[in-house]
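Since the structure comes first, as structure tokens, the remarks are kept for the end.
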DNA sequence: AGGTTGTGCGTGTACGTTAACGCAATCTCT
DNA sequence: AGAGATTGCGTTAACGTACACGCACAACCT
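Residue numbers (our numbering), protein chains in the order written: chain A, 1 to 351; chain B, 1 to 351.
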């Protein structure tokens with residue numbers, strides 16, 4: 001193993017000088033710098049990460065900017081689980097994580113949280129740009145150039161983020177379409193039940209589904225929306241309309257995690273025909289109905305793994321200085337009754 | 001952070017003594033041992049793994065006993081990729097890996113390789129018990145008690161292995177049945193095309209499929225076998241029989257990675273009815289036909305991840321002395337045209 | 001009694017890197 | 001010209017653990 005000492009010897013300098021070159025701390029002549037760098041390249045020197053973390057005095061601070069955990073959105077909780085797992089693994093390397101949670105429905109709360117982020121001394125930032133507009137205008141512009149940041153869950157096209165970790169939403173809609181066509185008779189009507197029209201993510205799913213079904217079948221598609229996702233009454237009345245207006249209904253695709261409303265509805269209405277139900281996310285409610293056979297496919301997005309990978313992307317860039325891919329795409333996990341047990345977060349021993 | 005020095009101070013001894021207690025190197029009085037151990041427990045001392053690996057003189061040797069890579073079985077190659085990935089990550093911790101490959105079809109070759117394993121000085125062994133009988137009788141019995149070993153791919157029930165990493169084969173057959181029923185009309189005939197009757201793994205898949213279909217439908221099942229998997233001619237003649245003998249055929253489930261033979265056959269016989277084709281493993285051939293729409297579902301088993309996890313299980317047990325779960329079950333990945341790209345090994349950035 | 005062996009500890013160096021400190025030599029400013 | 005700042009290095013003590021070595025003392029043997 002080639003060490004800093006070996007390099008120092010070959011360059012005819014001390015280890016202190018080599019260290020200064022490696023870390024660009026200055027106070028080394030141009031000539032010496034060049035010589036040391038050349039020897040480093042020649043010997044293909046790779047710093048020993050163990051010795052590094054052991055002797056480093058500084059602790060790195062990573063910030064996490066994302067909506068606070070709320071009962072109606074399981075996703076963030078799981079993301080935190082992954083972040084904490086990474087935290088545990090990396091704290092020996094003197095990595096610390098501070099959270100900047102905010103009320104996901106309040107712009108003011110977000111702005112306040114983002115200001116706190118800017119005031120904190122951070123070496124890296126992991127964030128979920130949930131409020132597209134606000135983020136883009138108010139925050140991302142103000143991030144200092146030397147603060148690397150990673151997006152997860154969703155992304156902002158023009159931003160200078162180090163990496164994006166998440167799913168291809170359009171493709172996940174395509175996949176839903178694919179599953180729908182494989183499990184129906186290619187005739188009749190399909191319904192897309194969607195919500196939160198302002199969410200880029202979700203409209204992409206819808207688009208993917210529509211495009212796939214249009215291209216690969218002659219089935220007709222009807223789109224229904226429920227703006228206020230939390231409002232159960234509205235939701236159920238929309239379902240009333242869906243079933244009364246479509247007598248040749250073959251399946252419903254729910255673009256969000258609220259798929260279980262449909263299952264609940266079907267459970268209460270035994271007279272309704274057998275239709276396919278496809279949706280997203282392995283929330284407790286969804287999983288329950290999947291197991292009961294009232295939901296047929298769920299598409300999982302590995303929220304824990306997204307959080308985990310997000311922290312690791314920062315670590316690799318900031319600490320080990322490995323290259324980090326600009327996109328880390330999460331697989332589109334297809335989950336049914338028969339394989340659900342292997343995708344539940346408490347089961348998954350992801351490393 | 002609580003260090004060995006802190007413990008030494010509190011116990012009124014030197015760090016050398018604490019070290020001797022921790023590593024059970026002897027030469028410490030009973031009284032002192034007890035006192036040190038108690039303080040370790042009280043302070044919840046966790047050794048610093050970085051300092052440990054840095055100052056350790058010994059390198060750990062892990063052995064890998066599995067069939068050599070062969071063109072007709074992609075699986076092993078992928079497993080090695082994962083093993084090598086773990087190797088790269090762990091070599092800084094002074095972990096070394098040596099391979100003991102053998103011809104998977106020859107018992108003699110296996111026995112020879114296993115003897116070499118027993119002669120090597122190993123600290124851990126990762127192995128795939130492919131030849132069930134032979135393994136059980138000849139080899140597992142002779143593994144020294146102090147050599148921890150991990151199975152991957154398949155397992156031996158009565159063995160004293162540290163862990164098993166792989167899939168639940170029965171459940172993966174169930175999943176195939178589940179997908180088959182969801183994508184057919186629940187009437188007509190289904191064919192199971194199987195081979196290698198002596199393989200426990202594969203017969204479990206068949207059984208899972210049969211049980212699921214019997215329980216959840218009235219479709220009739222017919223089982224066809226091709227003993228010599230490599231023999232293309234035999235295989236094609238079996239397919240001739242399948243299609244001529246079953247005029248209400250709805251789908252074929254292939255219990256192995258040889259699914260592409262069916263796809264190939266269908267490609268050459270345009271006159272044949274549209275049937276569902278479901279099989280296992282993301283081999284290049286299978287993926288090709290999946291993308292073409294001639295295979296509808298593949299069930300993946302993450303061979304790279306199995307190898308990766310296998311090495312890490314040994315590492316955790318031998319080096320960090322964390323507890324290792326007796327079973328690390330791989331998810332049953334459902335792969336279609338629409339999500340295949342995210343499951344291909346070159347894409348997956350599994351950490 | 002003298003030698004050997006074993007027990008119970010402490011000391012010190014090493015692992016590879018970081019980073020504070022120190023010290024000439026040179027440069028800058030009044 | 002002299003004081004102060006800057007440049008270009010070398011030296012060294014950490015970081016936390018492993019492990020070889022050594023030393024004192026007791027036990028045992030002949």
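Note that the Cβ used here is the ideal one computed from N, Cα and C, for glycine as well.
- The segment 94 to 106 of chain A makes contact with the segment 57 to 66 of chain A; the number of CB pairs closer than 8 Å reaches 3 or more.
- With respect to chain B, the C-beta atom of residue 226 of chain A has no partner C-beta closer than 9 Å.
- Using beta-carbon distances, residue 335 of chain A counts as an interface residue toward chain B, with a partner under 9 Å.
- Residue state for residue 324 of chain A is assigned as coil, using DSSP reduced to three classes.
- Residues of the segment 154 to 181 of chain B whose Cβ lies closer than 9 Å to any Cβ of chain A, in chain order: 167, 168, 171, 172, 174, 175, 176, 177, 178, 179.
- Taking 9 Å as the threshold, the shortest C-beta distance from residue 218 of chain A to chain B does not fall below it.
- In the same chain as residue 49 of chain A, and ignoring 5 residues on each side of it, the C-beta atoms closer than 7 Å to its own belong to 320, in chain order.
- Secondary structure of residue 280 of chain A (DSSP, three-state): strand.
- Contacts with chain A at 9 Å (Cβ-Cβ) do not include residue 102 of chain B.
- Counting only runs of 4 or more residues that sit fully inside the segment 201 to 232 of chain A, no alpha helix (DSSP H) segment turns up.
- Taken through DSSP and simplified to helix, strand or coil, residue 156 of chain A comes out as coil.
- The DSSP-derived three-state label of residue 303 of chain A is helix.
- Taking the Cα of residue 47 of chain B as reference, the smallest distance to any Cα among A:92, A:175, A:239, A:238 is reached at A:92.
- Along the segment 48 to 68 of chain A, the positions whose C-beta sits under 8 Å from a C-beta of chain B are 48, 49, 50, 51, 53, 54, read in chain order.
- Within chain A, not a single residue places a beta-carbon under 7 Å from that of residue 96 of chain B; the smallest gap is close to 13 Å.
- DSSP places residue 75 of chain B in the helix class (H, G or I) of the three-state scheme.
- Looking at the DSSP output, residue 102 of chain B shares a beta bridge with B:67.
- For residue 150 of chain A against residue 163 of chain A, the beta-carbon gap comes to about 5 Å, under 8 Å, which counts as contact.
- In this structure residue 278 of chain A touches residue 180 of chain A by the C-beta definition: roughly 6 Å separates them, less than 8 Å.
- Residue 326 of chain A has a beta carbon lying at 9 Å or more from every beta carbon in chain B.
- The Cβ atoms of residue 328 of chain A and residue 97 of chain A lie no closer than 9 Å to each other.
- Taking 9 Å as the cut-off, the beta carbon of residue 126 of chain A is found no closer than this to the beta carbon of residue 263 of chain A.
- Exposure of residue 105 of chain A is indicated by the presence of fewer than 16 other C-beta atoms within 10 angstroms of its C-beta.
- Distance from the Cα of residue 130 of chain A is smallest, within the candidate group A:123, A:118, A:156, for A:156.
- Rounded to the nearest angstrom, the gap between the Cα atoms of residue 207 of chain B and residue 213 of chain B is 10 Å.
- Short of 8 Å from the beta carbon of residue 291 of chain B, and not among the five residues preceding or following it, lie these beta carbons of its own chain, in chain order: 337, 340.
- Residue contact check for residue 148 of chain B against chain A: no CB pair falls below 9 Å.
- Put simply, the CB of residue 332 of chain B is near chain A, with a gap under 9 Å to one of its CB atoms.
- Residue 259 of chain A has no beta-bridge partner at all, per DSSP.
- Residue 306 of chain A sits buried, since 16 or more C-beta atoms from the chains shown fall within 10 Å of its C-beta.
- Residue 38 of chain A and residue 317 of chain A have their C-alpha atoms spaced approximately 23 Å apart.
- Taking 9 Å as the cut-off, the Cβ atoms of residue 32 of chain A and residue 51 of chain A do not count as close.
- Its chain contains 122, 123, 124, 125 as the residues whose beta carbon lies nearer than 8 Å to that of residue 147 of chain A, once the 5 sequence neighbours on both sides are disregarded; these appear in chain order.
- Burial state of residue 250 of chain B is buried, judged by a 10 Å Cβ sphere holding 16 or more other Cβ atoms.
- Counting only the Cα atoms, residue 183 of chain B lies some 27 Å from residue 240 of chain A.
- When DSSP states are grouped into helix, strand and coil, residue 177 of chain B belongs to the helix group.
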